[in-house]
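Numbering (full-length UniProt numbering), first residue to last: 1 to 156. Only one structure is covered here, and it is reproduced in the block below.
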């Protein structure tokens, strides 16, 4: 049975950047080899189940899975526009240093640290001075071409 919109698909995957860096995987062995397991000790590495058409994964992943069958393996190369898009200046926010310091209980954020916004998105502090703090809320993988090795376990 080939995968179509509306199907529930269970798969194993490993995601890499152009430089071969593994940024995500469902496989415990890959996570251990690449240091992801150490970086995310609470995470369980298990097959992913998604409903095709429900926008539970990036657009390029969904499109790449359609037409595959259980037992099949495939390498999907996904350009930024079908993944996390290109970074934009709109996703860089400025805060008054003093105001942000008060919100953080008196601490001044450091460049390279991460802040979580009220909506749950993560941003990297990219500039700090006496007047202003700039935080980049672009998705971490914005601008990246992503390559996924996928193995289809089951299709319902």
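Cβ atoms here follow ideal geometry from the backbone N, Cα and C, with glycine treated the same way. For clarity, every value in this text was computed on a predicted model and none was experimentally measured.
Proximity of the stretch 71-84 to the stretch 41-51 falls short of the contact definition, fewer than three beta-carbon pairs being nearer than 8 Å. Nearest to residue 95 by C-alpha distance, out of 128, 79, 121, 66, is 128. Residue pairing from DSSP places residue 151 in a beta bridge opposite 12, 73. In this structure, the CA atom of residue 100 is about 35 Å from the CA atom of residue 59. Residue 25 places its beta carbon less than 8 Å from that of residue 36.
Secondary structure within the stretch 87-144: the alpha helix (DSSP H) runs of 4 or more consecutive residues, fully enclosed, are 97-103 (chain order). Nearest neighbour of residue 27 by Cα position, chosen from 39, 11, 18, turns out to be 11. Taking each of 6, 66, 33, 18 in turn and checking the Cα distance to residue 150, the smallest one comes out for 66. In the DSSP secondary-structure assignment, residue 18 is not bridged to any residue. CA-to-CA, the gap between residue 113 and residue 125 works out to about 6 Å. For residue 140, the closest alpha carbon among the candidates 62, 14, 92 is that of 92. Secondary structure note for residue 30: its alpha helix (DSSP H) is the uninterrupted segment 28-34. Annotation: the continuous beta strand (DSSP E) that includes residue 48 extends over 48-51.
With 16 or more other Cβ atoms inside 10 Å of its own Cβ, residue 136 counts as buried.
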